[in-house]
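Engineer: According to this note's numbering, the sequence shown is numbered sequentially starting from 55.
All C-beta atoms in this analysis are idealised placements derived from N, C-alpha and C, irrespective of residue type, glycine included.
This is the structure, below, for whatever I ask next.
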Amino acid sequence: MTTPIEISFGETDIELLAGTTGKLAVVATEDGKLDVSARRVNKLTKGAVLRLLESETWEKLGTGEHITLNFPTNMAAEAVAIIKLDRRPKPETARKAGAELAKFKGDAPLLISLGSTTRGDELAFGLALKSYAFTDHKTDDETVNAPAKILVNYPDEAAAAYNDKAALAEGVFMTRDLVTEPSNVLTTTEFAARVEGLADLGLEIEILEEDTLEELGMAALLGVGMGSESPSKVAIMNWKGGGDEKPLALVGKGVVFDTGGISLKPAAGMEDMTMDMGGAGVVTGVMKALALRKAKANVVGLIGLVENMPDGRAQRPGDVVTSMKGDTIEVINTDAEGRLVLCDVLWYAQERFEPVGIVDLATLTGAIIIGLGHDNAGVFSNDDAFANSFLKAAAGEGEGAWRMPLGASYDKLLKSPVADMKNIGGRAAGSITAAQFLQRFIKDDVPWIHLDIAGVAQVTGDTDMAPKGATGWGVLALDRMIRDGYEAAEAE
Ligand code: BES
Ligand code: MN
Ligand code: ZN
Numbered sequence: 055m056t057t058p059i060e061i062s063f064g065e066t067d068i069e070l071l072a073g074t075t076g077k078l079a080v081v082a083t084e085d086g087k088l089d090v091s092a093r094r095v096n097k098l099t100k101g102a103v104l105r106l107l108e109s110e111t112w113e114k115l116g117t118g119e120h121i122t123l124n125f126p127t128n129m130a131a132e133a134v135a136i137i138k139l140d141r142r143p144k145p146e147t148a149r150k151a152g153a154e155l156a157k158f159k160g161d162a163p164l165l166i167s168l169g170s171t172t173r174g175d176e177l178a179f180g181l182a183l184k185s186y187a188f189t190d191h192k193t194d195d196e197t198v199n200a201p202a203k204i205l206v207n208y209p210d211e212a213a214a215a216y217n218d219k220a221a222l223a224e225g226v227f228m229t230r231d232l233v234t235e236p237s238n239v240l241t242t243t244e245f246a247a248r249v250e251g252l253a254d255l256g257l258e259i260e261i262l263e264e265d266t267l268e269e270l271g272m273a274a275l276l277g278v279g280m281g282s283e284s285p286s287k288v289a290i291m292n293w294k295g296g297g298d299e300k301p302l303a304l305v306g307k308g309v310v311f312d313t314g315g316i317s318l319k320p321a322a323g324m325e326d327m328t329m330d331m332g333g334a335g336v337v338t339g340v341m342k343a344l345a346l347r348k349a350k351a352n353v354v355g356l357i358g359l360v361e362n363m364p365d366g367r368a369q370r371p372g373d374v375v376t377s378m379k380g381d382t383i384e385v386i387n388t389d390a391e392g393r394l395v396l397c398d399v400l401w402y403a404q405e406r407f408e409p410v411g412i413v414d415l416a417t418l419t420g421a422i423i424i425g426l427g428h429d430n431a432g433v434f435s436n437d438d439a440f441a442n443s444f445l446k447a448a449a450g451e452g453e454g455a456w457r458m459p460l461g462a463s464y465d466k467l468l469k470s471p472v473a474d475m476k477n478i479g480g481r482a483a484g485s486i487t488a489a490q491f492l493q494r495f496i497k498d499d500v501p502w503i504h505l506d507i508a509g510v511a512q513v514t515g516d517t518d519m520a521p522k523g524a525t526g527w528g529v530l531a532l533d534r535m536i537r538d539g540y541e542a543a544e545a546e
């Protein structure tokens, strides 16, 4: 388990600056104004900060970025960062400034003296999010990531504001850990065990085992797991923080490894399919964050946990399965398995919880990567207001999301000669036909959003808020959507 670095807040005290070991950071504004801390560093270093501010380097520096002075004269710190940041930065700018400090910090202790600069909580959040490192399987890595301390003129206020964000950081880290974990470790059983661990936070947890899934009629989901030694499961996480109203449902694809099944994938890059439980990972991370910050909302998370393997008992191309809804599906391609898992979990979620809305998340199609790359998830919805509320939340959190179309002409591509539908629509509009398939399992009056996160769940380069690898995309956006739309306003 990866825990976010510890960040605390204290009262501004410039007498601490000269003797601080490790790393130190102070701020100067865009137009070159130094606060007391930066002035003190300038004095100690005999004018180094002012020289920097008069340089072209400073002029070219972006807002929220910093310049490092290494082994400065008269100071115990091994490096001092001068951050370019205005006194009242926008929240997203403060968050970015914090994220920018993650590399500078490394594993060393870091003291950040912000003085009167506002949004210390956001800066802390950016630093925490970007300081992620998954080292569980590195035998030579025993480094403990030292804490950070932020000095401000408003420490109590900052600490209170950071509380909820620390909860969110833990949720994001849980998602990233799940996505990064290899599939021999994160089996369906291990995933379910980690979900059960969340009961300590006040979440109601239920794990449905294969016999129950069979009784419920989830043959589409079960068909996917038939070739695997790991038993298929559905895990339910219920957070009842609101009143008596029906919950919002979050549904996630949790394919712990996707070989493609009998429609086997090519070898090159197949190892990436350890992340095919990304949707379930986001649902789990959001539920953890909601519980940690004691959200005043009713939200239920449901994840379908299966492994897609080729085997003598695996399902074959051409097989026909009957979904829990009762509709029959011709499995043309066993590699289009995510939709087979989701269709049963989506149906079950509606039948049991009568949710006010459903958001599903899935690393569903390679086609969404062709369409949108790694910067935006595909957003499909039957409800404009619901979709817009998500798009607004995603934009506010800097998580890329782009609306995609649905329509009857796409749905037609799923016609099967032998069953009610087939599980693929062909090469054209592959992400849309996958979404159309899912929509067949959404009741008419239920607002629904499908998020295809195949391109954004894991990336090969750094993003603003994450080092390369698992991003945790969606945890922040969903949490914000819940805060803005489903939570009783906090009493002042
Ligand atoms: N898990 C994959 C989609 C995927 C691809 C996720 C790349 C992340 C990165 C999904 O189960 C899949 O195999 N989809 C097929 C569907 C096709 C057979 C219709 C695909 O996208 O090729
Ligand atoms: Mn597949
Ligand atoms: Zn898959």
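#1: DSSP three-state label for residue 57, please.
#2: I need the DSSP call for residue 369, collapsed to helix, strand or coil.
#3: With H, G and I counted as helix, E and B as strand and the rest as coil, what does DSSP make of residue 435?
#4: Taking Cβ positions, are residue 520 and residue 168 nearer each other than 8 Å?
#5: Compute every distance between the C-beta of residue 391 and the non-hydrogen atoms of the ligand ZN, then say whether any falls below 7 Å.
#6: Can you list the alpha helix (DSSP H) stretches of 4 or more residues lying completely in the region 85–120, in chain order?
#7: Using a Cβ-Cβ cut-off of 8 Å (strictly less than) and excluding sequence neighbours within five positions of residue 326, which residues of its own chain qualify?
#8: Is it the case that the CB of residue 506 approaches a heavy atom of the ligand ZN more closely than 7 Å?
#9: Enumerate in chain order the residues of its own chain whose CB-to-CB distance from residue 347 is below 6 Å, with the five nearest sequence positions on each side excluded.
#10: Near residue 546, which residues of its chain fall below 8 Å by C-beta distance, leaving aside the five closest residues on each side in sequence?
#11: Provide the residue(s) that pair with residue 123 in DSSP beta bridges, ordered along the chain.
#12: On the DSSP bridge assignment, give the partners of residue 353 in chain order.
#13: Drop a sphere of 10 angstroms on the beta-carbon of residue 438, count the other beta-carbons inside from all chains shown, and report buried for 16 or more, exposed for fewer.
#14: Give me the residue from 407, 379 and 510 with the minimum Cα distance to residue 394.
#15: Beta carbon of residue 72, beta carbon of residue 136: below 8 Å?
#16: Residues in its own chain within less than 6 Å of residue 232 by CB, not counting five upstream and five downstream?
#17: Could you have a look at residue 67 and say whether DSSP puts it in helix, strand or coil?
#18: Measuring CB to CB, does residue 361 end up less than 8 Å from residue 309?
#19: Can you confirm whether the region 119–136 touches the region 481–498 when touching is taken to mean that 3 or more C-beta pairs between the two stretches lie within less than 8 Å?
#20: For residue 427, I'd like the list of residues in its chain whose CB is within less than 7 Å of its CB, leaving aside the five on either flank, ordered along the chain.
#21: Taking the straight line between their C-alpha atoms, what separation do you get for residue 486 and residue 422?
#22: At what residues does the alpha helix (DSSP H) containing residue 175 begin and finish?
#23: In terms of DSSP beta bridges, what is residue 261 paired with?
#24: Our contact map puts residue 61 next to residue 204 with C-beta atoms below 8 Å; I'd like the distance itself, whole angstroms only.
#25: With a cut-off of 8 Å on the beta carbons, I'd call residue 350 and residue 295 a contact; round off their distance for me.
#26: Could you tell me which of 89, 502, 192 and 234 sits nearest to residue 514, measuring between CA atoms?
#27: Which two residues bound the contiguous beta strand (DSSP E) that contains residue 169?
#28: Verify the contact flag: residue 330, CB atom, against every heavy atom of the ligand ZN, threshold strictly below 7 Å.
#29: Can you tell me which residues form a DSSP beta bridge with residue 429?
#30: Assign residue 240 to one of three DSSP states: helix, strand, or coil.
#31: Quick check: the Cα distance between residue 344 and residue 293, rounded to an integer number of angstroms?
#32: Could you give the DSSP three-state label for residue 150: helix, strand or coil?
#33: Can you say whether residue 504 is buried or exposed, counting buried as having 16 or more other CB atoms within 10 angstroms of its CB?
#34: Once the 5 residues before and after residue 126 are set aside, which same chain residues still bring their CB inside 6 Å of it?
Structural biologist: Straight from the coordinates:
#1: coil
#2: coil
#3: Shown here, residue 435 sits in a strand according to DSSP, grouped into three states.
#4: no
#5: The answer is yes for residue 391.
#6: DSSP runs (the alpha helix (DSSP H)) wholly in the region 85–120: 90–98, 102–107 and 110–114.
#7: 512
#8: no
#9: 218 and 221
#10: Annotation note: pLDDT 41 at residue 546 (below 50); position unreliable, coordinate value reported separately. None.
#11: Residue 123 is bridged to 134.
#12: 293 and 302, per the DSSP bridge assignment.
#13: exposed
#14: 379
#15: No, they are not a contact pair.
#16: 335
#17: Residue 67 falls in the coil class under three-state DSSP.
#18: Yes; because the gap between Cβ atoms is below 8 Å, this pair is in contact.
#19: no
#20: 509
#21: So the alpha carbons of these two residues sit roughly 9 Å apart.
#22: 174–184 is the extent of the alpha helix (DSSP H) around residue 175.
#23: 289
#24: 7 Å
#25: 5 Å
#26: 234
#27: For residue 169, the enclosing beta strand (DSSP E) has its first and last residue at 164–169.
#28: The answer is yes for residue 330.
#29: BP columns for residue 429 are empty, so no partner.
#30: coil
#31: 8 Å
#32: helix
#33: buried
#34: 99 and 134
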